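Visitor:
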Amino acid sequence: MSCGRLSRVIIDTGTEELLRAAVRNNAEWCAAVSGGGAFTADAWTSARRTPPYYPDGVTLTREAPAEALLAAMDTGSPGCSVKDSFAALDLAPAGFEVLFGAEWIHRPANAPAPAAAATALAWTRVADAGELAGWEAAWGGGEGTGLFHPGLLTPEIAFLAGRSADGRVLAGAAANRTGAVVGLSNVFTADGTPDDEAWAGALAAVAKLWPGLPVVGYESGDDLDTALRHGFTPLGPLRIWLHTSPA
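FYI, the numbering for the sequence shown is 0 to 246, going by numbering that gives the first Met the number 0.
(1) Could you check if Asn175 is buried or exposed, using at least 16 other CB atoms within 10 Å of its CB as the buried criterion?
(2) What are the start and end residues of the alpha helix (DSSP H) that includes Thr225?
(3) Is it buried or exposed for Pro154, if we count other Cβ within 10 angstroms and need 16 for buried?
(4) Just to check my reading of the structure: Thr58 and Phe85 have Cβ atoms closer than 8 Å, yes? What is that Cβ distance to the nearest angstrom?
(5) Please say whether Leu202 and His242 have beta carbons closer to each other than 9 Å?
(6) Could you tell me the distance, in whole angstroms, from the CA atom of Glu27 to the CA atom of Val214?
(7) Mind pulling the alpha helix (DSSP H) runs of 4 or more residues that sit fully within the segment 103-152?
(8) Per DSSP, what kind of secondary structure is Glu96 in: helix, strand or coil?
(9) Quick one: residues in its chain with C-beta nearer than 8 Å to the C-beta of Asp83, no 5 flanking neighbours on either side, listed in chain order?
(10) With DSSP run on the structure shown, which of helix, strand or coil describes Gly211?
(11) Can you tell me whether Ala116 is buried or exposed, with buried defined as 16 or more other CB within 10 angstroms of its CB?
(12) Exposed or buried, Phe99, counting other C-beta atoms within 10 Å across all chains shown (16 or more means buried)?
(13) By a C-beta neighbour count over all protein chains shown, 10 Å radius and 16 as the cutoff for buried, is Pro54 buried or exposed?
(14) Residue range of the beta strand (DSSP E) that Leu70 falls in?
(15) I need the boundaries of the beta strand (DSSP E) containing Leu159, first residue and last residue.
(16) Apart from the five residues on each side of it in sequence, which residues of its chain come closer than 7 Å, Cβ to Cβ, to Pro149?
(17) Would you kindly work out how many angstroms separate the C-alpha atoms of Gly161 and Ala206, rounded to a whole number?
(18) So, using beta-carbon positions, are Gly133 and Val186 closer together than 9 Å?
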């Protein structure tokens, strides 16, 4: 099996540093949610199937070799996926198809704070397993999924909940700090809450928890447009590959 490499993107040193920080931050988040896996210089991989919505492998460098990456994962059972962090691989010869593309994003530490009027909900950090279950039910559209376990309630990971006056979780996000950046993911709203409320509230909460740090993540489609409205800029493309057939 030979998996070719696509053309590389040339970017400046500052953007490259931020991009690599965003990639590593996301890989650490995937490892935490998945409950393990292994890091090498080029990738994070899990030898067993990861939870829904989470990849079995994340490339950490543009030079990550496809053969070694795939050998470290279970490609024999349905659902194996790879986060090609630099959109640099061609995994089609190994039976993968591109599920979707997205953009890594970055919000500078000195970006203006969200307007107070845009954060009408009361934003707090989830404190215990009970609150986490309520947050996850809101994130899952009213049903718990078991995806986010209490072991994720650590000093460097925060589940942020935007609550109405009667205590309902109407918006939320997850944030994780690695090194000198904070990753923002799983931004959601419930019961008709505007998307802008979730982004503004989550960013304000992150700024209070980890002041002076840039925020990174990745988004696509309408969510990317919303993030850009809230001070993010693109860092570079990524692809999610899904294994669909034998190589």
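Ideal Cβ positions, reconstructed from N, Cα and C, are used throughout, including at glycine.
Bear in mind that the values here come from a model prediction, so they are computed numbers and not experimental data.
Guide: In short, the structure shows the following:
(1) Here the question's residue 175 lines up with position 176 in the sequence shown. When all chains shown are included, Asn175 counts as buried.
(2) Counting from 1 along the sequence shown, the entry for residue 225 is found at position 226. Per DSSP, Thr225 belongs to the alpha helix (DSSP H) from 220-228.
(3) Locating residue 154 in the sequence shown gives position 155, counting from the first residue. Flag for Pro154 reads exposed.
(4) Looking up residue 58 in the sequence shown gives position 59. Looking up residue 85 in the sequence shown gives position 86. At roughly 6 Å, the Cβ-Cβ gap stays under 8 Å, so Thr58 and Phe85 are in contact.
(5) Locating residue 242 in the sequence shown gives position 243, counting from the first residue. Locating residue 202 in the sequence shown gives position 203, counting from the first residue. No; because the gap between Cβ atoms is not below 9 Å, this pair is not in contact.
(6) In the sequence shown, the residue the question calls residue 27 occupies position 28. In the sequence shown, the residue the question calls residue 214 occupies position 215. C-alpha separation (whole angstroms): 15 Å.
(7) For the segment 103-152, the continuous alpha helix (DSSP H) assignments of 4+ residues that do not extend past its boundaries occur at 128-138, in sequence order.
(8) Looking up residue 96 in the sequence shown gives position 97. Glu96 falls in the strand class under three-state DSSP.
(9) Taking the sequence shown and counting its residues from 1, the one referred to as residue 83 is at position 84. Taken in chain order, the residues that qualify are Thr58, Leu90, Leu237, Arg238, Ile239, Trp240.
(10) Locating residue 211 in the sequence shown gives position 212, counting from the first residue. Coil at Gly211, not helix or strand.
(11) For the purposes of this step, residue 116 is identified with residue 117 of the sequence shown, where counting begins at 1. For Ala116, the predicted structure reports a pLDDT of 46, less than 50, and the residue's modelled location is therefore unreliable. A value from the coordinates is still provided. Its Cβ having fewer than 16 others within 10 Å, Ala116 is exposed.
(12) Against the sequence shown, residue 99 aligns to sequence position 100. Exposed: under 16 other Cβ atoms inside 10 Å.
(13) Locating residue 54 in the sequence shown gives position 55, where the first residue counts as 1. When all chains shown are included, Pro54 counts as buried.
(14) Residue 70 sits at position 71 when you count from the first residue of the sequence shown. Note on identity: in this sequence residue 70 is Ala, with Leu being the wrong assignment. Counting along the chain, Ala70 falls outside any beta strand (DSSP E), though it belongs to the alpha helix (DSSP H) covering 65-70.
(15) For the purposes of this step, residue 159 is taken as the residue at position 160 of the sequence shown. That run of the beta strand (DSSP E) goes 156-162.
(16) Here the question's residue 149 lines up with position 150 in the sequence shown. The answer, listed in chain order, is Ala128, Leu131.
(17) Here residue 161 refers to the residue found at position 162 of the sequence shown. Here residue 206 refers to the residue found at position 207 of the sequence shown. Computed Cα separation, rounded: 15 Å.
(18) Within the sequence shown, the letter at position 134 stands for residue 133. Within the sequence shown, the letter at position 187 stands for residue 186. Result no, Cβ atoms of Gly133 and Val186 do not sit closer than 9 Å.
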